[in-house]
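For the sequence shown, this note's numbering gives the first residue as 1352, with consecutive numbering after it.
Yeah, the Cβ is synthetic: ideal placement off N, Cα and C, and Gly gets one too.
Here is the structure we will look at, set down as structure tokens.
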Amino acid sequence: MPEGPEIRRSADALANVLQNQKINKVTVGLQSLKPFQSELSGQRVTQVSCRGKAMLLHFDNDLSIYSHNQLYGRWVVVPLDELPETNRSLRLGLHTDEHSALLYSASDISVWPREKLSEHPFLRKLGPDILNQAVTPEVILQRLTSSQFRKRSLAALYLDQAFLAGMGNYLRSEILFFAGIHPDSRPANLSDEQNNHLAEQTLQVTYRSYETGGYTTSISVSVRALHSAAEYEAE
């Protein structure tokens, strides 16, 4: 399942072609979206954002599209009228003068009045978005050591979207590896130094993945690893 960094990169790509653009045509592949087809056609996208693994598209008529990729969903951006060859099912298409933004294979898509998004059953349970600029190591440390989370195993806590939205399996594994902390550990049983280091690595690893498109190690480490693998295969 795509995690926070992948969804944020998708949001960046969508914003690049949709934000402040008029949607000339809306294509829907889910019956539940058909009533909104005419309401969204002709509207302008005012903002593309995400919260954890949820994508949010906001329109100038105060409607918002919520989508969650789950395991198989994928957003694709293509030039207008150049649809990709794929066996995936098209769930939603937003078409501007120059581009099409296409959502394939996802099933968790809905349209909400923007002021009611806080009532969405998934969104209302989310903790802070790990890639929100307001989330600092201090914020993460505060949550790690709070009465709500401090006695949870890190293996479970780092998958709980109420702790930090956008976390998932690979981020959990990489963060705990770089922090040097066992997954069965609990914040309550860690030293202040360990909790501080864990909070810092949580942010660093996540941003590194976002900035590099999925790499959680530094470029130099990745290059050395590739060289080592090549040398091993050559032996």
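Non-local beta-carbon contacts of R1501 in its own chain, meaning distances under 6 Å to residues more than five positions away in sequence, involve P1538 and A1539 in chain order.
Put simply, the stretch 1436 to 1453 touches the stretch 1370 to 1377. At least three CB pairs are less than 8 Å apart. In this chain, the alpha helix (DSSP H) harbouring A1507 covers L1505 to L1508. Distance check between P1353 and each of K1476, H1419, L1414 and S1392 places H1419 closest, using alpha-carbon atoms only. If you check the CB distance, A1506 and R1523 come in under 9 Å. Closest in alpha carbon position to S1456, among G1380, E1562, R1395 and V1490, is G1380. The closest CA to that of I1532, considering only T1553, R1465 and P1472, is found on T1553. DSSP, read as helix, strand or coil, puts L1381 in coil. Counting along the chain, V1368 sits inside the alpha helix (DSSP H) bounded by residues G1355 to L1369. In the structure shown, Q1499 adopts coil according to DSSP, grouped into three states. Excluding sequence positions up to five before and after L1474, its CB lies within less than 8 Å of the CB of R1402, A1405, Y1417 and L1468, all in the same chain and listed in chain order. Here Q1499 is exposed, its C-beta having fewer than 16 other C-beta atoms within 10 Å. Annotation: Q1382 to R1360 spans about 28 Å, alpha carbon to alpha carbon. The alpha-carbon separation between W1426 and S1458 amounts to approximately 13 Å. Bounds of any alpha helix (DSSP H) do not take in Q1398; it lies within the beta strand (DSSP E) bounded by V1396 to R1402. Apart from the 5 residues on each side of it in sequence, N1547 sits with its Cβ closer than 7 Å to the Cβ of L1492 in its chain, given in chain order.
V1428 is positioned such that its CB atom lies closer than 9 Å to that of A1452.
Here the alpha carbon of Q1421 sits roughly 12 Å from the alpha carbon of G1519.
Shortest Cα-Cα distance from E1544 to any of S1560, L1510, F1514 and T1496 involves T1496. The straight-line gap separating the alpha-carbon atoms of T1487 and R1442 is approximately 36 Å. Spatial neighbours of G1478 in its own chain (CB-CB distance under 6 Å, excluding positions within 5 residues in sequence) are listed in chain order as A1513, F1514, L1515 and A1516. Y1509 counts as buried, since at least 16 other C-beta atoms from the protein chains shown sit within 10 angstroms of its C-beta. Exclusion of the five residues before and after D1413 leaves P1464, R1465 and E1466 as the residues of its chain whose Cβ lies within less than 8 Å of its Cβ. Distance from the CA of E1525 to the CA of D1511, rounded to the nearest whole angstrom, comes to 16 Å.
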